[in-house]
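What follows is a short report on a single structure.
In this note's numbering, the protein residues as written are 13 to 305.
This is how it looks when you write it as structure tokens:
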């Protein structure tokens, strides 16, 4: 799809969307000093992207950014690590621009419902289970927030952006999430930053839910089997920026622009034409997130 923007000289310029990063975080504090520049150079290279909310403040920021630019979309929701106090991430947005420390947010359906009325909001979440950075005994609170977000996604006809991270050496969070999803049955969902086995991936695909992969696949091989054997229409590429920067930019802050390297690696692993993969991944985003690209 082509869309128009106005350059610095007031000239209308047509832009072609070539890629989409389905999960990024330009709404976080890591970009406070150069957010506009990051967004501008990303779109100038034809990279649409979805900024993902993790709690109230970052969700509102994602919507604010999406409203201001064509080719930019938002998700709104409560990350499982933010359902309890203790988790700290200096790259997130906190009060007065300071690093975010989780206050243990309860999912406020009315607040998120109002945000979700915006047409640029394409998904609810990231939501799910995280047993890696948060003690597993917080599962009850994580599950309550997860189910509430599934129900809101169904009510608003939005996709779900899933965050599922198991305890080290296990698939426990994936199995627990599958149980919840089977019972509550959202129509559309994507498992962001998939890090499970091929057998686990098939269980999500069989439910009609897609999996997305980050720049990790450019420097690690543990997900190669999943990517090679996945139905191409069940895959997405993402950056999860500012985290997990792909080669050849390792050591730098990640940006949605770098999703191109994830596309290229997916095509290489599958031995498929890069243009075929590029077009199919755009089509996957259109279908799952109901956006025009």
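Cβ coordinates follow ideal geometry from the N, Cα and C atoms, glycine included.
What did DSSP end up calling residue 132 once you bin it into helix, strand or coil?
Here residue 132 is taken as the residue at index 120 of the chain shown, counted from 1. In this structure, residue 132 counts as coil in the three-state DSSP scheme.
Can you name the start and end residues of the beta strand (DSSP E) that residue 169 belongs to?
Start at 1 with the first residue of the chain shown, and residue 169 comes out as number 157. Neither: residue 169 is in no beta strand (DSSP E) and is coded neither H nor E.
Taking only three categories from DSSP, how would you classify residue 233?
Position 221 of the chain shown, counted from the first residue, corresponds to residue 233. It is coil, neither helix nor strand.
So, is residue 120 buried or exposed, given that buried needs 16 or more other C-beta atoms within 10 angstroms?
Along the chain shown, one-based indexing puts residue 120 at 108. When all chains shown are included, residue 120 counts as exposed.
Per DSSP, which one or two residues make a beta bridge with residue 84?
By one-based count along the chain shown, residue 84 stands at place 72. BP columns for residue 84 point to 61.
For residue 227, name the three-state secondary structure that DSSP assigns.
By 1-based counting over the chain shown, the position of residue 227 is 215. Helix at residue 227.
So for residue 159, helix, strand or coil by DSSP?
Numbered from 1 along the chain shown, position 147 holds the residue referred to as residue 159. Residue state, collapsed to three classes: helix.
If you drop the 5 nearest sequence neighbours on each side, which residues of the same chain put their C-beta closer than 8 Å to that of residue 107?
As a first step, residue 107 must be located in the chain shown, where it is residue number 95. Only weak support exists for where residue 107 lies, its pLDDT of 46 falling under 50; the value from the coordinates is given anyway. Answer for residue 107: no residue qualifies.
Starting from residue 271, trace the alpha helix (DSSP H) in both directions and tell me its first and last residue.
By 1-based counting over the chain shown, the position of residue 271 is 259. That run of the alpha helix (DSSP H) goes 271-282.
What distance in whole Å lies between the Cβ atoms of residue 32 and residue 294, which are believed to be in contact at a cut-off of 8 Å?
Taking the first residue of the chain shown as 1, we reach residue 294 at position 282. Taking the first residue of the chain shown as 1, we reach residue 32 at position 20. Right, the Cβ-Cβ distance comes to about 6 Å (below 8 Å), so this counts as a contact.
Backbone secondary structure at residue 180 - three-state DSSP:
The residue given as residue 180 occupies position 168 in the chain shown. Coil.
Report, in whole angstroms, the separation of the C-beta atoms of residue 116 and residue 88, which I expect to be a contact under 8 Å.
On the chain shown, residue 116 is found 104 positions in, with the first residue counted as 1. On the chain shown, residue 88 is found 76 positions in, with the first residue counted as 1. Actually they do not touch by this definition, with Cβ atoms about 19 Å apart.
Residue 246 versus residue 82 - alpha carbon distance
Residue mapping note: residue 246 aligns to position 234 of the chain shown, counting from 1. Residue mapping note: residue 82 aligns to position 70 of the chain shown, counting from 1. Answer to the nearest angstrom: the Cα atoms are 25 Å apart.
Considering just the uninterrupted stretch of the beta strand (DSSP E) at residue 31, what are its terminal residues?
Stepping through the chain shown from its first residue, residue 31 is reached at position 19. Per DSSP, residue 31 belongs to the beta strand (DSSP E) from 31-36.
Does any CB atom of chain D fall closer than 7 Å to the CB of residue 263?
You won't find chain D in this structure, because it holds only one protein chain.
Neighbour-count burial assignment, residue 193, 16 or more Cβ in a 10 Å radius:
Within the chain shown, the letter at position 181 stands for residue 193. Buried.
Using a 10 Å radius around the Cβ and a threshold of 16 neighbouring Cβ atoms, would you call residue 170 buried or exposed?
The residue you call residue 170 lines up with position 158 of the chain shown. Answer is buried; the Cβ neighbour count reaches 16.
How many angstroms separate the CA atom of residue 257 from the CA atom of residue 229?
Looking up residue 257 in the chain shown gives position 245. Looking up residue 229 in the chain shown gives position 217. Answer to the nearest angstrom: the Cα atoms are 10 Å apart.
So what's residue 107 in DSSP terms, helix, strand or just coil?
Looking up residue 107 in the chain shown gives position 95. In this prediction, residue 107 scores a pLDDT of 46, lower than 50, which makes its location untrustworthy; the coordinate-derived value is nonetheless stated afterwards. In this structure, residue 107 counts as helix in the three-state DSSP scheme.
Cα separation between residue 109 and residue 58?
Residue numbering aside, residue 109 sits at position 97 when the chain shown is read from its first letter. Residue numbering aside, residue 58 sits at position 46 when the chain shown is read from its first letter. Here the model assigns residue 109 a pLDDT of 43, short of 50, so the residue's position is not dependable, and the following value carries that caveat. Distance between the alpha carbons of residue 109 and residue 58 is about 29 Å.
DSSP three-state label for residue 191, please.
Looking up residue 191 in the chain shown gives position 179. If DSSP states are grouped into helix, strand and coil, residue 191 belongs with the helices.
Sequence-distant residues of the same chain with beta carbon closer than 7 Å to residue 198, five excluded per side
Taking the chain shown and counting its residues from 1, one reaches residue 198 at position 186. So the qualifying residues of the chain are 162, 165, 166, 172.
Beta-carbon separation (whole angstroms), residue 367 vs residue 290, contact threshold 8 Å:
Within the shown structure, residues of the chain are numbered from 13 to 305, placing residue 367 beyond reach of any answer.
Could you pull out every residue in the same chain whose Cβ sits closer than 7 Å to the Cβ of residue 186, ignoring the five residues on either side in sequence?
Within the chain shown, residue 186 is the residue found at index 174, counting from 1. Once the five neighbours on either side are set aside, the close Cβ partners of residue 186 are 176, 178, 208, 212.
How would you label residue 259, buried or exposed, when you count the other beta carbons within 10 angstroms and need 16 or more for buried?
Numbered from its first residue, the chain shown carries residue 259 at position 247. The residue in question, residue 259, is exposed, as its Cβ has fewer than 16 Cβ neighbours within 10 Å.
I believe residue 224 touches residue 202 by the beta-carbon criterion, under 8 Å. Please report the beta-carbon distance rounded to the nearest angstrom.
Translated into the one-based positions of the chain shown, residue 224 becomes position 212. Translated into the one-based positions of the chain shown, residue 202 becomes position 190. Right, the Cβ-Cβ distance comes to about 6 Å (below 8 Å), so this counts as a contact.
In whole angstroms, what separates the C-alpha of residue 21 from that of residue 54?
Walking along the chain shown from the start, residue 21 turns up at place 9. Walking along the chain shown from the start, residue 54 turns up at place 42. In this prediction, residue 21 scores a pLDDT of 46, lower than 50, which makes its location untrustworthy; the coordinate-derived value is nonetheless stated afterwards. Residue 21 and residue 54: Cα-Cα distance of roughly 19 Å.
Proximal residues to residue 250 (C-beta, below 8 Å), its chain only, five neighbours per side dropped:
Here the question's residue 250 lines up with position 238 in the chain shown. Same-chain partners within the cutoff: 33, 34, 35, 36, 204, 205, 224, 225, 226, 271, 274.
Under a Cβ-count criterion, where at least 16 other Cβ atoms within 10 Å of its own Cβ denotes burial, should residue 233 be classed as buried or exposed?
Position 221 of the chain shown, counting from 1, holds the residue named residue 233. Exposed, by the Cβ-count rule.
Residues bridged to residue 142 [DSSP beta-bridge criterion]
Taking the first residue of the chain shown as position 1, residue 142 is located at position 130. Answer is 177.
Residue 222 - partner residues in DSSP beta bridges:
Start at 1 with the first residue of the chain shown, and residue 222 comes out as number 210. Per DSSP, 202.
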